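What follows is one structure encoded as structure tokens, with my remarks underneath.
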Amino acid sequence: MESRVDLNYVRNMFSLANKVAIVTGGAGALGQAIAQGLAVHGADVVVTGRTLKTLEPVVKDIEAAGRKALALSCDVAVEKDVEALMRDTLNAFGTVDILVTVAGIAKRFPAEEFPIDEWQQVMDINVRGTFLCCKHVGKIFKEKKKGKIITISSVRAFAGHPGGYAAYGTSKGAVNLLTKQLATEWAKYSINVNSIAPCIFWTPLTQEVLENEQLYKVFMSRIPMGRAALTQDSIGAAVYLASPASDFVTGQILYVDGGTVAG
Ligand SMILES: NC(=O)c1ccc[n+]([C@@H]2O[C@H](COP(=O)([O-])OP(=O)(O)OC[C@H]3O[C@@H](n4cnc5c(N)ncnc54)[C@H](O)[C@@H]3O)[C@@H](O)[C@H]2O)c1
């Protein structure tokens, strides 16, 4: 067996040229960054959200990178929406190669006071929504005998936190195990399933936490690199996990966390 590395492979190992990606939650902070990153590295990108209007800026970013963009409305927790997303993507591009499940929400309450409806909503969007997108793209990838799935987890899946994460942390713990489960189940179809787990980063959602001096100190004390993440910190992980460079990597949770889970 030839053990020398083919230089052509090395040159193209991070290329996403001629690939089609779906990024859910594309209007959000992380979704926008990942969609833009995949486009710059060569992919056409379908971005989804519940409201089409909110996707206009990210569509412009993808097109500015020289790639095709398509905005589709989809509530990830609604199965018929997810089925339509896959159908419309195939109609527009003929195929799909990469799924990144970025759509997610966070709600924080003390566990003993957590309104159960709010708890359930977190589960519905973060767990059920992630599963539905994986389930329906999985059918397509199984036929193709190829595909890359990247779920979005969080450091909150790794360990508990005093900040009221009884729903969010639990949901992301489920995303981690779902990632490993699907990786194991679908390895025979050459489908890679991995997760990116960032630590806290600046978005309108986390502003309340990061602008609270006391909470900010609690969060930073747990990040050895001493700063919150930036959305751009996760782009490299997404490009790697979407590209041929990660073809033998599956079932991994890649923490983009300034060292949080290391210590
Ligand atoms: N912000 C952080 O510090 C942080 C840290 C770790 C992980 N994450 C994860 O990163 C992902 C993106 O978070 P963000 O901070 O960019 O938040 P964001 O609110 O900016 O983006 C989330 C997007 O998901 C969309 N969304 C919510 N519910 C949906 C549904 N039912 N169907 C379709 N879309 C829906 C929202 O409209 C929004 O556009 C989430 O999964 C979040 O849990 C965030």
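What the sequence shown shows, in my numbering, is residues 1449 to 1711, in sequence order.
We put the beta carbon where it would ideally sit given N, CA and C, even for glycine.
Keep in mind it's a predicted model, so treat the numbers as computed, not measured.
Mind checking if residue i is an interface residue toward chain E, Cβ cutoff 8 Å exclusive?
i: D1565; result: In summary, chain E is missing from the structure at hand, where a single protein chain is found.
Run through DSSP, which three-state label would residue i get?
i: A1686; result: helix
i: L1503; result: helix
i: L1538; result: helix
i: N1640; result: strand
i: L1486; result: helix
i: I1553; result: coil
i: G1586; result: helix
i: A1519; result: strand
i: L1547; result: strand
i: D1509; result: helix
i: G1611; result: coil
i: G1497; result: strand
i: D1681; result: helix
i: Y1474; result: It is Gly, not Tyr, that sits at residue 1474 in the sequence shown. Note: G1474 maps to coil in three-state DSSP.
i: D1454; result: coil
i: R1599; result: Looking at the sequence itself, residue 1599 is Thr, so the reference to Arg does not match. Strand.
i: V1468; result: strand
i: A1645; result: strand
i: L1702; result: strand
Whose CA, out of the options, lies closest to the CA of residue i?
i: D1509; options: L1486, P1558, I1598 and Y1664; result: L1486
i: T1651; options: M1673, L1533, G1552 and G1711; result: G1552
i: L1547; options: T1578, A1532, N1539 and K1528; result: T1578
i: V1697; options: E1531, S1682, K1620 and V1641; result: V1641
i: P1610; options: P1558, W1634 and A1519; result: P1558
i: I1683; options: Q1569, I1470 and Q1480; result: Q1480
i: T1472; options: M1534, M1571, N1466 and L1464; result: M1534
i: D1536; options: M1571, A1469 and W1634; result: A1469
i: Q1700; options: F1649, F1541 and I1639; result: I1639
i: G1586; options: E1531, M1571, W1567 and A1554; result: E1531
i: P1505; options: G1474, L1464 and S1521; result: G1474
i: V1618; options: E1659, N1466, D1572 and I1648; result: Going by the sequence as given, residue 1618 is Thr instead of Val. T1618 has its Cα closest to that of D1572, out of E1659, N1466, D1572 and I1648.
To the nearest angstrom, how far is the alpha carbon of residue i from that of residue j?
i: V1544; j: A1645; result: 23 Å
i: R1576; j: A1525; result: 6 Å
i: V1775; j: K1596; result: Here the chain covers residues 1449 to 1711 and nothing more, so residue 1775 does not appear.
i: Q1662; j: G1476; result: 26 Å
i: R1675; j: Y1664; result: 10 Å
i: R1515; j: E1527; result: 28 Å
i: L1455; j: M1461; result: 10 Å
i: K1594; j: L1538; result: 15 Å
i: A1677; j: G1608; result: 19 Å
i: V1458; j: A1686; result: 18 Å
i: L1478; j: T1679; result: 5 Å
i: W1634; j: I1588; result: 12 Å
i: T1632; j: S1643; result: 14 Å
i: A1519; j: G1542; result: 16 Å
i: L1653; j: V1453; result: 45 Å
i: K1501; j: V1709; result: 37 Å
i: W1567; j: Q1655; result: 21 Å
i: V1570; j: S1521; result: 20 Å
i: G1612; j: F1649; result: 17 Å
Who are the near neighbours of residue i in its chain, counting only those whose CB is closer than 6 Å to its CB and skipping five residues on each side?
i: S1451; result: none
i: T1622; result: A small fix is needed here, since residue 1622 is Ala in this sequence, not Thr. Cβ within range, chain order: V1575.
i: Y1637; result: K1590 and K1593
i: Y1688; result: S1694
i: A1517; result: V1493, V1507, I1510 and E1511
i: A1614; result: A1559 and F1562
i: K1620; result: S1601, S1602, R1604 and A1605
i: P1692; result: M1461
What does a CB cutoff of less than 7 Å around residue i pick up in its chain, not counting 5 residues either side in sequence?
i: A1513; result: Q1484, A1487 and V1488
i: D1523; result: R1498 and D1529
Grab me the residues of residue i's own chain with a C-beta within less than 8 Å of its C-beta, minus the 5 sequence neighbours each way, in chain order.
i: C1582; result: L1547, T1549, I1597, T1599, L1626, L1630 and V1641
i: G1711; result: P1672
For the region 1698-1709 against the region 1593-1610, are there 3 or more C-beta pairs whose distance is under 8 Å? yes
Taking three-plus beta-carbon pairs below 8 Å as touching, is the region 1477-1491 in contact with the region 1559-1566? For the pair of segments examined, the region 1477-1491 was found not to touch the region 1559-1566: the number of CB pairs separated by less than 8 Å stays below three.
Should the region 1618-1634 be called in touch with the region 1666-1673, which here means at least 3 C-beta pairs below 8 Å? no
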